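Encoded as structure tokens, the structure appears first; notes follow it.
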Amino acid sequence: MTQPSHSKQKKDAFSYNPKSKEKRISQALKTAFTYFLLCLGGFIFLVPFFWMLSTSLKDSSVIFQFPPQWIPDPIVWGNYVEAMTFAPFHLFFLNSLTIAGLSMIGEVFTGALVAYGFAKLQFKGRDTLFIIVLATMMLPGEVTMIPVFIMFAHIGWIDTYLPLIVPSYFGGGAFFIFMFRQFFLGIPNELEDAARIDGCNTFQIFYRIVLPLSKPALAVVAIFSFHGKWNDFLGPLIYLNTMEKFTVQLGLAMFQGMFQTEWSLLMAASIVALLPVLLIFFMFQKYFIEGIKLSGIKG
Amino acid sequence: MKIKNNKALKRNLEGYLFISPWIFGMLLFTVGPVIASFYISFTDWNTFQSPNFVGFSNYAELSQDPKFYQALKVTFTFAAFSVPLNLAGGLLAAILLNQKVRGMKVFRTIFYLPAVVSGVATALLWRWIFNSDVGLINSVLAKIGIEGPNWLGDPSWVLPSYIIMSLWGFGNAMLIFLAALQDLPKQLYESADIDGASLLRKFWHITLPQLSPIILFNLIMGIIAGLKIFTEAYIIGGAQDAALFYMLYLWQNAFQFMQMGYASAMAWIFFVIILLITLIILKSSPLWVYYEGKKK
């Protein structure tokens, strides 16, 4: 812990060196160059968003005006009202929320349960089975997509939310199991041993001791899961037919079919569809970054 | 003795109980469907009639299907450009975001943002950006006196459009690189500084070898994601099958033409190709991936 201050002292000592002026100028140049690149990159990443926002507020008469207006004149807030009322977007939101929310609960809970088994319990064949978990990460879902669809069709689940939700209650996929396991491995066994002496059974240990200690991991998986389900397009496209049951993504795709060139309405609807994701991202930003570290691939 | 056995039995049972959701899910949604998919690929199933076994005829038909080759060509050309560019872009951006200057948090957020918002909305946005008359890119190009191409309307410009779009979202690879960069041992750079190594040399001889396991990971993940592109292809499309990505063609066969056998054969070919690519990369990795503590 003392190392950083030590090296700082060394730097300060350096600054009395006559050569240091040159060094400081080159340092300043480097910082300026860094900022230049950062701003350039930031600009490139943000411009499309600004373009989206600008288009969404334009009157349809100026959409195809050249050169395009950057700040729309007049600003037409009504585009949002029109886009939202034309298609039942409130329904799409509710549907997406239902699907993503229920899936998330399943993936978080069963994912943690399975991962706990792999992380802390001793049983025959555990390590072999865990290798199989990892191997399934490599299997593209496209291979299983058709038989799974046929299976759900046979039990009459087409045009319901069940095919989109129920599979989440079977461990939530290899990636989440892997993430949880990495986290659980870091929890000291002594805590669990103590609880066992106090008379807890394994499930109670998991539920009362391990889960409350794992809030960061639970949050990360919850966010990743919700985010993934909210953005999912292929699943709802395959399983849902009735417009009232559409998710936001599907509704947006349908909307595009109706308004091929009504760009201001399309962009307004797109922005509204993005809002929940953006909101979650800004609220839980640190968990997104934490998740990458949790996945443990960096070591 | 018996008590000990009982205990071991109980322990095993408990373990299996905990992982049972995964075991059932695995059988129900992976093992079963993989076997079924393999079988279906040898049938003429159209979901309306019961399947007939037709041997290799789906595979034979695929080998004669120009659209199948077009889909392969489109998908692999896209991945061949998009994956390396995304890796390089992600790595350079991560190095930039790893500098110690003020306000870095804001820049990290901005650079990562596009990767978060993937989906139909951003696909729509890009369709609009590539609009040949008043789209963002051609408007900017016109300002500096260049007449931009008809991005999505001209078959030869469709794939470049998709590659540009994919670059916008390199945030995931970037974030993984950034996490790895922050863990690199500082001593290596310090001793390189003492030896007077230039920035480029430090990058080439320290950063790249140290990061090579992460590059391997990002490469494999990038290839798999790049080959599976679907939403964008569905929403944006492109002139004359120039954006007929493999997954789109598979989806069309399965859910528009209801040729489940044909589509299953496509899925299996896809699976084998991904498996082969991954194996080749993994086999070649000892040549270029450097693992600490595994020195020869």
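Residue numbers (full-length UniProt numbering), protein chains in the order written: chain A, 1 to 299; chain B, 1 to 296.
Every residue, glycine too, gets a C-beta built ideally from N, C-alpha and C.
Quantities reported herein were computed from a predicted structural model and do not represent experimental measurements.
Chain A contact residues for residue i, given Cβ-Cβ distances below 7 Å
i: A36/B; result: P147
i: V116/B; result: V277 and F281
i: M247/B; result: E142
i: Y18/B; result: Per the sequence shown, the amino acid found at residue 18/B is Phe instead of Tyr. Correct list: L113, V114, Y116, G117 and L121.
i: P209/B; result: What P209/B touches in chain A: nothing, since even the nearest Cβ is about 15 Å away.
Residue i, DSSP secondary structure in three states
i: T43/B; result: strand
i: F177/B; result: helix
i: F36/A; result: helix
i: F170/A; result: coil
i: F123/A; result: coil
i: F217/B; result: helix
i: F53/B; result: strand
i: L265/A; result: helix
i: W70/A; result: coil
i: K228/B; result: coil
i: M1/A; result: Note that M1/A scores a pLDDT of 35, beneath 50, so its modelled location is shaky; the value from the coordinates is reported in the next line. Reduced to three states, the DSSP call for M1/A is coil.
i: R102/B; result: coil
i: D241/B; result: helix
i: T242/A; result: coil
i: A197/B; result: coil
i: F14/A; result: Below a pLDDT of 50, predicted positions are generally treated as unreliable, and F14/A, at 47, falls in that range; the measurement from the model is reported next regardless. Helix, per DSSP.
i: Y161/A; result: coil
i: G145/B; result: coil
i: residue 378/A; result: Residue 378/A lies beyond the stretch modelled for chain A, which goes from 1 to 299, so this question has no answer here.
Short CB-CB distance (under 9 Å) between residue i and chain B
i: Y116/A; result: yes
i: P68/A; result: yes
i: A219/A; result: no
i: A153/A; result: yes
i: A83/A; result: no
i: I177/A; result: yes
i: F14/A; result: Only weak support exists for where F14/A lies, its pLDDT of 47 falling under 50; the value from the coordinates is given anyway. False, the Cβ-Cβ gap to chain B never drops below 9 Å.
i: F86/A; result: no
i: A273/A; result: yes
i: H227/A; result: yes
i: I63/A; result: yes
i: Q182/A; result: no
i: L164/A; result: no
i: F93/A; result: no
i: T2/A; result: Unreliable positioning characterises T2/A in this predicted model, as indicated by a pLDDT of 38, which lies under 50. A coordinate reading is not provided.
i: I150/A; result: yes
Beta-carbon neighbours of residue i, restricted to chain B and to distances below 7 Å
i: S270/A; result: A121, L124 and L125
i: A253/A; result: V120 and I235
i: G171/A; result: P21, W22 and G25
i: A195/A; result: What A195/A touches in chain B: nothing, since even the nearest Cβ is about 15 Å away.
i: V263/A; result: The residue asked about is misnamed: residue 263/A is Trp in this sequence, not Val. Result: W128.
Contact list for residue i against chain A, beta-carbon separation under 8 Å
i: Y291/B; result: Within chain A, no residue comes near Y291/B; the closest Cβ sits about 11 Å away, beyond 8 Å.
i: F107/B; result: L38, G41 and G42
i: F230/B; result: F233 and L234
Within 9 Å, strictly: CB atoms of residue i and residue j
i: I277/B; j: I229/B; result: no
i: A60/B; j: I146/A; result: no
i: I19/B; j: F118/A; result: yes
i: residue 304/A; j: P21/B; result: Only positions 1 to 299 of chain A appear in the structure, and residue 304/A is not among them; the question remains open.
i: V34/B; j: G261/B; result: no
i: W230/A; j: P163/A; result: no
i: Y162/B; j: I236/B; result: yes
i: S56/A; j: Y35/A; result: no
i: S264/A; j: I131/A; result: no
i: Y176/A; j: F224/A; result: What sits at residue 176/A in the sequence shown is Phe, not Tyr. Contact: yes.
Any chain A beta carbon closer than 9 Å to residue i
i: Q99/B; result: yes
i: K295/B; result: Caution applies to K295/B, whose pLDDT of 46 falls short of 50 and renders its modelled position unreliable; the value that the coordinates give is listed next. No, K295/B lies away from the interface with chain A (no Cβ there is under 9 Å from its Cβ).
i: P185/B; result: no
i: I146/B; result: no
i: F42/B; result: no
Contacts that residue i makes with chain B (C-beta to C-beta distance below 9 Å)
i: P167/A; result: G25, L28 and F29
i: T110/A; result: P21, W22 and G25
Where residue i meets chain B, residues with beta-carbon distance less than 8 Å
i: M267/A; result: L124, L125 and W128
i: T202/A; result: E14 and F18
Closer than 8 Å: residue i CB and nearest the ligand ADP heavy atom
i: A142/B; result: The ligand ADP is absent from the structure shown, which contains no ligand whatsoever.
Cross-chain neighbours of residue i in chain A, by beta carbon under 9 Å
i: W168/B; result: I44, F45 and P48
* Given a limit of 7 Å on CB to CB distance, which residues of the stretch 28–44 of chain A reach chain B? -> Of all residues in the stretch 28–44 of chain A, the ones placed with a Cβ closer than 7 Å to any Cβ belonging to chain B are T31, T34, Y35, L37, L38, G41 and G42, in chain order.
* To do: Could you run through the stretch 114–138 of chain A and flag, in chain order, every residue whose CB is less than 8 Å away from some CB of chain B?
  => Those would be V114, Y116, G117, F118, L121, Q122, F123, K124, R126, L129, I132, V133, T136 and M138, in chain order.
* Note down, in chain order, all residues in the stretch 232–248 of chain A with a beta-carbon under 7 Å from any beta-carbon belonging to chain B. => Legend: CB atoms of the stretch 232–248 of chain A lying less than 7 Å from CB atoms of chain B belong to residues F233, L234 and I238.
* Members of the stretch 3–15 of chain B near chain A, C-beta cut-off 7 Å -> So the close ones are R11, N12, E14 and G15.
* Compile a chain-ordered list of the residues in the stretch 46–61 of chain A whose CB is closer than 9 Å to at least one CB of chain B. => Those would be L46, V47, P48, F49, W51, M52 and T55, in chain order.
* To do: Would you list, in chain order, the members of the stretch 254–275 of chain B that have their beta-carbon closer than 8 Å to a beta-carbon of chain A?
  => Of all residues in the stretch 254–275 of chain B, only A254, F255, M260, A263, S264, A267, W268, F270, F271, I274 and L275 come within less than 8 Å of chain A when Cβ atoms are compared, listed by chain position.
* Positions along the stretch 76–105 of chain B whose CB lies within less than 7 Å of some CB in chain A -> With the criterion set as a beta carbon lying under 7 Å from some beta carbon of chain A, the members of the stretch 76–105 of chain B are A93, L96, Q99 and V101, in sequence order.
* Could you list the residues in the stretch 43–61 of chain B with a C-beta less than 9 Å from some C-beta on chain A, going in chain order? => Taking 9 Å as the Cβ-Cβ cut-off against chain A, the residues of the stretch 43–61 of chain B that qualify are W45 and T47.
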